[in-house]
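Undergrad: When you line the sequence shown up against the working numbering, it's residues -13 to 118, in that order. Where a beta carbon is used, it is the ideal one built from N, C-alpha and C, also for glycine. This one's a predicted model, so the numbers in the text were calculated from it and none came from an experiment.
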Amino acid sequence: MRATTTIPTEMKVLMNHIYELHKGVRQMVLFTCNKKYGEQAVSRLESQGIPYVLQPAGQQNINVYFGRRECLETVRLIVTRPLNQLTPEEDFILGAMLGYDICAQCERYCKRKCERKCECKGHCDGQCINKN
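1) Compute the Euclidean distance between the alpha carbons of LYS117 and GLU101, then round it to the nearest angstrom.
2) Report, in whole angstroms, the separation of the C-beta atoms of ARG55 and PRO37, which I expect to be a contact under 8 Å.
3) Apart from the five residues just before and just after ALA82, which ones in its own chain have a Cβ nearer than 7 Å to its Cβ?
4) Would you kindly check if the distance between the Cβ of VAL15 and the Cβ of GLY53 is under 7 Å?
5) Applying the criterion that 16 or more other CB atoms from any shown protein chain within 10 Å of the CB defines a buried residue, is HIS8 buried or exposed?
6) Under 7 Å between the Cβ atoms of TYR95 and PRO68?
7) Excluding sequence positions up to five away, which residues of its chain have a Cβ less than 7 Å from the Cβ of GLN26?
8) Look at the Cβ atom of GLN46, then the Cβ atom of ASN20, and state whether they are nearer than 7 Å.
9) DSSP state of GLY68, grouped into three classes?
10) VAL(-1) by DSSP, collapsed to three states: which one?
11) Just to check my reading of the structure: ILE48 and GLY24 have Cβ atoms closer than 8 Å, yes? What is that Cβ distance to the nearest angstrom?
12) Where GLN34 and MET1 are concerned, what is the direct C-alpha to C-alpha distance, given to the nearest angstrom?
13) Helix, strand or coil: which one does DSSP assign to LEU84?
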């Protein structure tokens, strides 16, 4: 009888991201996983010569950015604190770099800017965008 090894879901997701990177679907990827998979993820990236940046993401997780070197250099300059502490502009740039839907990024940006400028705390659905 042959023993089978189960590949954790996190590693399957990582392999899919690597596939998309190689196919040109993405220029950069943000992969968040439990710290216990960090060594495996790094080993996989290094074995394929893929540059990466590691950053803590809370107590149990890490963020692994990987892809084109110029993108990673930008991440090193922009993402200098936890993601939830990025400015609306930094958040927008990162989302655009990751290939997220640009209209959704615009909506997210406007909502975050609105939360900082008015008392509606982002519940205005953009109605106060022109207010200072």
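TA: According to the data block:
1) Sequence index remark: in the sequence shown, residue 117 carries index 131 (1-based). Sequence index remark: in the sequence shown, residue 101 carries index 115 (1-based). Because LYS117 carries a pLDDT of 48, less than 50, the predicted location of this residue cannot be relied on, and no value is offered for it.
2) Taking the sequence shown and counting its residues from 1, the one referred to as residue 55 is at position 69. Taking the sequence shown and counting its residues from 1, the one referred to as residue 37 is at position 51. That pair is a contact at about 5 Å.
3) Stepping through the sequence shown from its first residue, residue 82 is reached at position 96. Once the five neighbours on either side are set aside, the close Cβ partners of ALA82 are ILE88 and GLN91.
4) For the purposes of this step, residue 53 is taken as the residue at position 67 of the sequence shown. For the purposes of this step, residue 15 is taken as the residue at position 29 of the sequence shown. Yes, Cβ-Cβ distance for GLY53 and VAL15 is below 7 Å.
5) Taking the first residue of the sequence shown as position 1, residue 8 is located at position 22. Classification of HIS8: exposed, given that the 10 Å Cβ count is below 16.
6) By one-based count along the sequence shown, residue 95 stands at place 109. By one-based count along the sequence shown, residue 68 stands at place 82. No, the Cβ-Cβ distance between TYR95 and PRO68 is not below 7 Å.
7) Locating residue 26 in the sequence shown gives position 40, counting from the first residue. MET(-3), listed in sequence order.
8) In the sequence shown, the residue the question calls residue 46 occupies position 60. In the sequence shown, the residue the question calls residue 20 occupies position 34. It is a contact, given that the beta carbons lie within the stated cut-off.
9) Numbered from 1 along the sequence shown, position 82 holds the residue referred to as residue 68. Per the sequence shown, the amino acid found at residue 68 is Pro instead of Gly. If DSSP states are grouped into helix, strand and coil, PRO68 belongs with coil.
10) Looking up residue -1 in the sequence shown gives position 13. Three-state DSSP puts VAL(-1) in a helix.
11) Residue mapping note: residue 48 aligns to position 62 of the sequence shown, counting from 1. Residue mapping note: residue 24 aligns to position 38 of the sequence shown, counting from 1. Contact between ILE48 and GLY24 holds: CB atoms are separated by about 5 Å, below the 8 Å threshold.
12) By 1-based counting over the sequence shown, the position of residue 34 is 48. By 1-based counting over the sequence shown, the position of residue 1 is 15. Whole-angstrom Cα-Cα distance: 11 Å.
13) The residue labelled residue 84 in the question sits at position 98 within the sequence shown. In the three-state DSSP reduction, LEU84 falls in the coil class, being neither helix nor strand.
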